[in-house]
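> Numbering (the UniProt record's numbering), first residue to last: 1 to 634. Note that the Cβ used here is the ideal one computed from N, Cα and C, for glycine as well.
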């Protein structure tokens, strides 16, 4: 933390792997050694020497001498090097150009690299040329790089220490770097704090010496309460992903700079309570139960992503009360579920599973007994949402007659016919497929009474939710022959991990296809979900947009431009909007855009304002009665 006024504070910043994402001499080697058969071997040697030097295992002077000898570089290679490095400036430095420009008088770039390529990179971002301290190349008459100016202290061991001592900076000094030579400035008593910069590389021997780890420049600025491009450093946002969420989702969060923790299986309530502390984003699939008790222990949770269709495993009401937006993937795995349903219908109606099992036992039973075509059969769909409608279209293309029942009035697709009641559908259908959601009202929607009303020998599929079917009643219907075959993908109680035994009364039936909740488990579906859900979560975190949320007022917001965005979540009571705007009026703040959406329970107000306002404004907005959550974006 800064201990003196900002104008008496100096920032010493390393170049290689800090200001840029790479070590410049490594890149120069890639250019200068192009075409040589031993290029990769030499580059590995150069990188190994770089790492040893940065970790303090060999002296700086030795590191420089060895690398320059291997480089075989020429003056003519430098323009290509500068062009490459220009595209390799660290993301957080690119984001914070305003800080670099506004505090140019206090910022020094001190590097064991070389001015010939450092100055052209840093000066366009606001760094003063006379504040760049680095080595200079020595060339022979042909322009070959043969060494460096050995009188420059930065070519020697403890060179950064000597340089900072010579500068005699009168004030606090904060060093940001990734190497041991950066730490040596603090070790010599010439800096107040050393920040190990880990956005591009992590060196354990350097990290253990640091006063603070800075995963980005945003984190350094946040830690010292300095102006920055982000209201909250993304490195401080922790993401917890459970149940084998697709790797593409992990990559999307890591690319944002978030801390990502991955767990393969689901967690029970106590385990989740322990794991969710300090988590800002939670990603789950269908097995993890996010209860009120879990949410009461989620001190930083901002949003939850259900990497599946259903959200009944999440206490949406408590999430809303606590200002936690929930998103799901209502369409991404639809096709996969439909294809599994069609496959199981054909397998069941052709009696394939028993015949396959017989074949494995050596029995050859070539007959058409109990084998039928799907063409002309009546398919009854209970639930006509995203999956039901697409299954309707595919089934009709196979020549089936489609009937459906839904509590919500739905427009039929193709020649599908709507039934007026569930009982009407049960009496008509040769094949029945469940596609309802997991709301509590749907528990045991199909039980003994409903099975009794079905045709004898009906085929029955449940690829919806385990609790929507009374399993003991289904077992009895199978034993009696009322149900001629079944396909079940979901169960009231499912193992949390692949190591647990699956226990069910449905085991052992030769005419029942059991699948381990894999309706949406195809590579295509999981990749689609892995892209879709993080997209929604990132829109909310980065922009405040809630379009597609299952429990929040839906707002699709424009991108934030040259403003600060204030997000205010509150109980939906009269007068909140007036109080918000009274605060803006009181402080003479120019509103550039304002958006409001409410549900019965909560209101969501987003206000874009000019940047010149005091911290007092933020505090007053947070103190408004009935405020649930407040966030600031810029």
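Let's see if you can read the secondary structure: which residues bound the alpha helix (DSSP H) around residue 138?
Counting along the chain, residue 138 falls outside any alpha helix (DSSP H), though it belongs to the beta strand (DSSP E) covering 137–139.
> Within 10 angstroms of the Cβ of residue 77, are there 16 or more other Cβ atoms? Answer buried if so, exposed if not.
Burial call: buried.
> Shortest alpha-carbon distance to residue 451 belongs to which of 439, 508 and 469?
Nearest of 439, 508 and 469 to residue 451, Cα basis: 469.
> Do the CB positions of residue 471 and residue 327 come within less than 8 Å of each other?
Taking 8 Å as the Cβ cut-off, residue 471 and residue 327 do not qualify as a contacting pair.
> Grab me the residues of residue 8's own chain with a C-beta within less than 8 Å of its C-beta, minus the 5 sequence neighbours each way, in chain order.
These residues qualify, in order along the chain: 170, 171 and 172.
> Rounded to the nearest angstrom, what separates residue 293 and residue 211 at their Cα positions?
In a straight line, the C-alpha of residue 293 is about 37 Å away from that of residue 211.
> Would residue 64 be called buried (16 or more neighbouring beta carbons within 10 Å of its own) or exposed?
The residue in question, residue 64, is buried, as its Cβ has 16 or more Cβ neighbours within 10 Å.
> Using a 10 Å radius around the Cβ and a threshold of 16 neighbouring Cβ atoms, would you call residue 636 buried or exposed?
The chain is shown from 1 up to 634; residue 636 falls before or after that span and cannot be answered.
> What's the gap between the Cα of residue 132 and the Cα of residue 154?
Roughly 12 Å separates the two Cα atoms.
> Is DSSP giving residue 577 helix, strand or coil here?
Note: residue 577 maps to helix in three-state DSSP.
> Let me know the secondary structure DSSP gives residue 587 once reduced to three states.
Residue 587: coil per DSSP, three-state reduction.
> Taking all protein chains shown into account, decide if residue 86 is buried (16 or more other Cβ within 10 angstroms of its Cβ) or exposed.
Exposed, by the Cβ-count rule.
> What whole-angstrom Cβ distance do residue 503 and residue 483 have, given they're in contact under 8 Å?
Their Cβ separation, rounded to whole angstroms, is 21 Å, which puts residue 503 and residue 483 out of contact at 8 Å.
> Could you tell me how far apart the beta carbons of residue 462 and residue 434 are, in whole angstroms, since I believe they sit closer than 8 Å?
Indeed they touch by this definition, with Cβ atoms about 4 Å apart.
> Using 8 Å as the Cβ pair cut-off and three pairs as the minimum, do the stretch 190–204 and the stretch 142–154 touch?
The stretch 190–204 vs the stretch 142–154: no contact.
> What three-state label does DSSP hand residue 29 in the structure shown?
DSSP places residue 29 in helix when its eight states are reduced to three.
> Distance, Cα to Cα, residue 2 vs residue 322?
Roughly 34 Å between the two C-alpha positions.
> Rank 103, 6, 256 and 557 by C-alpha distance to the C-alpha of residue 597 and give the top, closest one.
Selected option, being the one with the closest Cα: 557.
> Hey, which unbroken runs of the alpha helix (DSSP H) at 4 residues or more fall wholly within the stretch 433–489?
Listed in chain order, the complete alpha helix (DSSP H) runs (minimum 4 residues) inside the stretch 433–489 are 448–452 and 471–480.
> Are the beta-carbon atoms of residue 310 and residue 336 separated by less than 8 Å?
No, these two residues do not count as a Cβ contact at 8 Å.
> Where residue 388 and residue 317 are concerned, what is the direct C-alpha to C-alpha distance, given to the nearest angstrom?
Rounded to the nearest angstrom, the two C-alpha atoms are 27 Å apart.
> Quick check on the burial criterion: 16 or more other C-beta atoms within 10 angstroms. Buried or exposed for residue 110?
So residue 110 counts as buried.
> I'd like the list of long-range same chain contacts for residue 312, defined as Cβ closer than 8 Å, with 5 residues on each side in sequence excluded.
Closer than 8 Å at Cβ, skipping near neighbours: 437, 438, 439, 440 and 465.
> Could you check if residue 390 is buried or exposed, using at least 16 other CB atoms within 10 Å of its CB as the buried criterion?
With 16 or more Cβ atoms within 10 Å of its Cβ, residue 390 is classed as buried.
> Would you mind stating whether residue 302 and residue 324 have Cβ atoms separated by less than 8 Å?
Yes; because the gap between Cβ atoms is below 8 Å, this pair is in contact.
> Report the rounded CA-to-CA distance for residue 128 versus residue 118, giving the unit in angstroms.
Cα-Cα distance, rounded: 11 Å.
> So the beta strand (DSSP E) residue 12 belongs to, where does it begin and stop?
First-last of the beta strand (DSSP E) with residue 12: 9–13.
> Going by C-alpha to C-alpha distance, which of 29, 100, 306 and 360 sits closest to residue 549?
That would be 306, whose Cα lies nearest to the Cα of residue 549.
> In or out: residue 5 buried (at least 16 other Cβ within 10 Å) or exposed?
Exposed.
> Which residues in the same chain have their Cβ closer than 7 Å to the Cβ of residue 220, if we skip the five residues on either side of it in sequence?
Taken in chain order, the residues that qualify are 176, 195 and 214.
> Can you give the Cα-Cα distance for residue 46 and residue 66, rounded to whole angstroms?
Approximately 8 Å between the Cα atoms of the pair.
> Please confirm if residue 570 has its CB atom under 8 Å from at least one CB of chain B.
The question asks about chain B, but that chain is absent: this structure has only one protein chain.
> Could you check the C-alpha separation between residue 162 and residue 529 for me, to the nearest Å?
Residue 162 and residue 529: Cα-Cα distance of roughly 55 Å.
> With a CB to CB cut of under 7 Å and the five nearest residues on each side skipped, what residues in its chain are close to residue 509?
Correct list, in chain order: 478.
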